[in-house]
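The structure appears below as structure tokens.
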Amino acid sequence: MTDIIDAAKKANIHQFIEQLPDGYETKVGIKGSFLSGGEKQRIAIARVLIRRPKVLLLDEATSAMDSQNEQIVQEALEHAQIEDPSRTSLIIAHRLSTIRSCDSIYVVNKGKLIESGTHTELIQ
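Its first residue numbered 1, the sequence shown is counted upward by one per residue in UniProt numbering.
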């Protein structure tokens, strides 16, 4: 249970879970139907942090979050990458803040690769 709580804290969902009627044992409906989009995303990210996959694919992982939660979750994902540098993360994003710290960024437009590089290289 300690790993679950730690992951929930990193994904900034622990306090929300603690406020639920049965805490971590609360039933939240089919496919989380009683949760907001941001809550579902933060729970999904906590689950990823627990599993520690070797390959991580994130498709708009913070799209339903406000900027404060996005920043907290982004820091948790970056920390997870540092904890296991052998992990490969593929991140699909429209928000620059989501990919700013990536090793390599690939810009795709209409299905074609138009640019690649680090954040610093691409903004020059």
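Virtual Cβ for every residue (Gly too), placed ideally from N, Cα, C.
Keep in mind the model is a prediction, meaning the values are calculated, not measured.
Beta-bridge annotation (DSSP): residue 88 is paired with 55. The beta strand (DSSP E) runs lying completely inside the UniProt domain "ABC transporter" (8 to 63) and spanning 3 residues or more are 55 to 59, given in chain order. DSSP, reduced to helix, strand and coil, places residue 116 within a strand of the structure shown. For residue 115 against residue 92, the beta-carbon gap comes to about 16 Å, at or over 8 Å, which does not count as contact. Spatial neighbours of residue 16 in its own chain (CB-CB distance under 7 Å, excluding positions within 5 residues in sequence) are listed in chain order as 39.
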